[in-house]
Structures are given as C-alpha cells and as structure tokens.
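Chains as they are written, first to last, in the working numbering: chain A, 4 to 273; chain B, -16 to 119.
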C-alpha cells in the first residue's frame, strides 16, 4: 500500500474504477498546461525537488581557505482537493447504475485543473513558482472586446515571437470566457475566428480555465517545463456511515526556461 | 499494413494505451534492427561497409533507448524494477528478483503494476501525464 491508502477505502474494485474514470474524465479537458508545456515524469511521490543547475553562496566556507556554495533547487508543490461520494451512490454503482452522483468529485476535479493552470500561467509566489505570464519577456498585447479582432492580436503575438527567434508551432491558451467568445464568433464574411486562429498558430487552441486573458506560446519544446512527481491521483482519506472522503492530489514543479517564448494578451472580454 | 501491435480491438482502447502499444512495438523493432546489424557485422569483411553498419546500429541504440524511456515513464512499477537492474553491477537475475520484490513491497498489492496505462496504475495515478499537442 502506498501513501494514497486506496486499499483502506470501503469500496469495491468496481467502485474504484468508477471513481478513477470519473476523475480522469473530468480532469482532462481543463488541464491546459499539459497540452502546451513539456511534461516530464512522473517521478513518484518521494521526488521532492527539481535540479536547477544553480548554486548560491553559503556565506563562506566552514574553514578558512575553503569556499562553499549551496545547490539551489526548485521544490515540488503538492496540490490537493478533497471530495466525498455517498456510500449509497457507490453501492448503486456496484449494481450497475450509470448515473452515480459524483458532483463533489467533479467540483474537486475542476478546482485541481484550475489550480494547476493558475499556478503555471500566473505563478504561485508563496511556493516560489514563477508563472508563464510573470516571466514573459514581451510587453503584453491589449485585447479589445471584439472577438472578431482576435486574429489580429494573435498574429501580432506570433510576429513578436518570430522577431525574437522563437520558432513554432504555437499554441494559444484562452481563458474560459475568451474561449467561448472565440468559438461563437465569425469574421466579416462568416469565416470562424477559431479556424482563422488555428491557421495563424499552426497549433492548438486550448481551453484554459484560470488563465486571465490569453497567452500565445511556442510548442517547439524546451521552453516551458512541467515536472511531475506524483501525477494526478485519487487517494482515500476517511469514511463515515454515509460517505467516503477522498482527495485528488498531485505534486509538480514548473519552470520557464525561455521567457521570450510566450506573449501574454491582456484585456477585457476574457 | 496491419495493426498488429494491438492485442485488443483498438476502438476499445484508450488513446494513451494505443500510444503505449505503438511505442512498445517500436521498441521491439529497434531491438530486432540491433540484432540484424550485429549479425551483418559478424560476417561483413569490408571495412567501409562495416563502418556504415556500425553507424546505423548506433542510431538503433538511440531509438531503442528513447522508446524504452518513454514506456518506463508511463509505468512506474516497470520503471522501479528497471532502476534496480539497469546499469547495476552483480548478478542480473538476483538484481531483478530484488528489484521486483522491492517494488511489490512498496505497493503492497502484488500486481506489479501490470495494469494497462489509462487505468489507475499501481501507484494510484490516473495515468493522465502529458497532453501536449492535443487541443480541444
């Protein structure tokens, strides 16, 4: 048994299958970072820090005539979202029910995806994590309210990347409202904005809850590094007469290796 | 051209399992190519031809190793056992038995992580991993 204590949960194998399937299904659409950044790992729960290759002064050596430095590492952060499932609902699932109430799990999955996106795009300073938008070396492009103008903004962002010598293909992370607006909008002549953007980027447009505005970034690799310790997992916490208490958990670090490889688009409407 | 890498109907397999199967098949093909070059080198007397084949075999070493690393990253138990065997001194079989026992003890479930990627793996992970290049 590992730290997730899954074997201690009072549910059947079929029940675990339902829980895992539901968690995977609800998590995957919102995990924007994993569609755009380099994913490395998983390296396991015991993996604690990413090597940065950097050192800092250790304030003088332990004896005269000897210098000392200390390795600087990037500690992994742990994210956890709790949820419950009714034991009666799990028993119904064992009987073959196809509409088991996983509302709490679904909400936890959404929170986890939101947290992962927010930390990676906007940083998590208290944990020492710098986000893509924080690190970005280019001045933000201001978005207007008119979604039909988005191709112009995205083309400008791609031009900035090209001028900086950052090759494509490129991806676009769009916050929830921005994504909906882009999908719903057509340009003069009826051409869908979504398709026009894909043509400009030569890469994916990703729904990214938690992202304020939008971000255009290179997908060439080596620029945005997501290192997974424990990949997204469901663990068991405790149970009572009515419900089983679970959690979704992961550990990871994130680094921006090339601040010039992303352009942020700030503004209204998103 | 068939789809022999699938042992189950591909339409019933999750996308990550299909990718896993493709890389597993690629791993097999690279190992075969290494063996073929080894046999050709054993009988080829021409030095120039040997140099070319040695260079080509080196490419297969690289491909095999990349395939293997990809697969190991997606199966923590396989990776754990491999770490106990690869690049270690001593008796290979003993190292293998010890590595397997260690991983099984860590998991406490004895299934050795043999479940398919896409199902919860023995470390409890949902097996989501990277999704790069996949838009919505």
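Even for Gly, the Cβ is constructed at its ideal location relative to N, Cα and C.
Whole-angstrom Cβ separation of residue i and residue j, contact assumed at under 8 Å?
| i | j | result |
| --- | --- | --- |
| residue 14/A | residue 247/A | 6 Å |
| residue 256/A | residue 53/A | 4 Å |
| residue 262/A | residue 206/A | Not a contact, Cβ separation roughly 19 Å. |
| residue 83/A | residue 107/B | Incorrect: roughly 13 Å between the Cβ atoms, too far for contact. |
For a cutoff of 8 Å on Cβ pairs, would you count residue i as touching chain B?
| i | result |
| --- | --- |
| residue 104/A | no |
| residue 237/A | yes |
| residue 73/A | no |
| residue 258/A | no |
| residue 188/A | no |
| residue 274/A | What is shown of chain A runs 4 to 273, which leaves residue 274/A out entirely. |
| residue 271/A | With a pLDDT of 47 at residue 271/A, under the threshold of 50, the modelled position of this residue cannot be trusted; read the value that follows with caution. Chain B, which has no Cβ nearer than 8 Å to the Cβ of residue 271/A, makes this no. |
| residue 23/A | yes |
| residue 97/A | no |
State the start and end residues of the unbroken alpha helix (DSSP H) segment that holds residue i.
| i | result |
| --- | --- |
| residue 241/A | Looking at the DSSP string, residue 241/A is not in any alpha helix (DSSP H); the run it does join, the beta strand (DSSP E), is 236 to 242. |
| residue 17/A | 16 to 30 |
| residue 169/A | Taken as a continuous stretch (DSSP letters only), residue 169/A belongs to no alpha helix (DSSP H), as it is neither H nor E. |
| residue 204/A | 196 to 204 |
Any idea what DSSP makes of residue i, helix, strand or coil?
| i | result |
| --- | --- |
| residue 248/A | strand |
| residue 120/A | helix |
| residue 174/A | strand |
| residue 230/A | strand |
| residue 253/A | strand |
| residue 214/A | coil |
| residue 265/A | strand |
| residue 145/A | strand |
| residue -3/B | coil |
| residue 59/B | helix |
| residue 183/A | helix |
| residue 97/B | Reliability fails at residue 97/B, whose pLDDT of 40 lies under 50, so the model's placement of it is uncertain and the value that follows must be treated cautiously. Coil at residue 97/B, not helix or strand. |
| residue 109/B | coil |
| residue 223/A | coil |
| residue -9/B | coil |
So is residue i in contact with chain A if we call contact Cβ pairs under 8 Å?
| i | result |
| --- | --- |
| residue 93/B | Bear in mind that a pLDDT of 43 at residue 93/B, under 50, signals an unreliable position, so the number given afterwards is only what the model happens to contain. Output row for residue 93/B: interface = no. |
| residue 96/B | Reliability fails at residue 96/B, whose pLDDT of 41 lies under 50, so the model's placement of it is uncertain and no value is given. |
| residue 45/B | no |
| residue 75/B | no |
| residue 5/B | no |
| residue 89/B | yes |
| residue 108/B | yes |
| residue 114/B | yes |
| residue 11/B | no |
| residue 1/B | no |
Over the uninterrupted beta strand (DSSP E) stretch that includes residue i, give me the two end residues.
| i | result |
| --- | --- |
| residue 70/B | Premise fails: residue 70/B is in no beta strand (DSSP E) and is neither H nor E. |
| residue 42/A | 41 to 43 |
Inside the segment 51 to 130 of chain A only - beta strand (DSSP E) runs reaching at least 3 residues: 52 to 60, 72 to 78, 80 to 89
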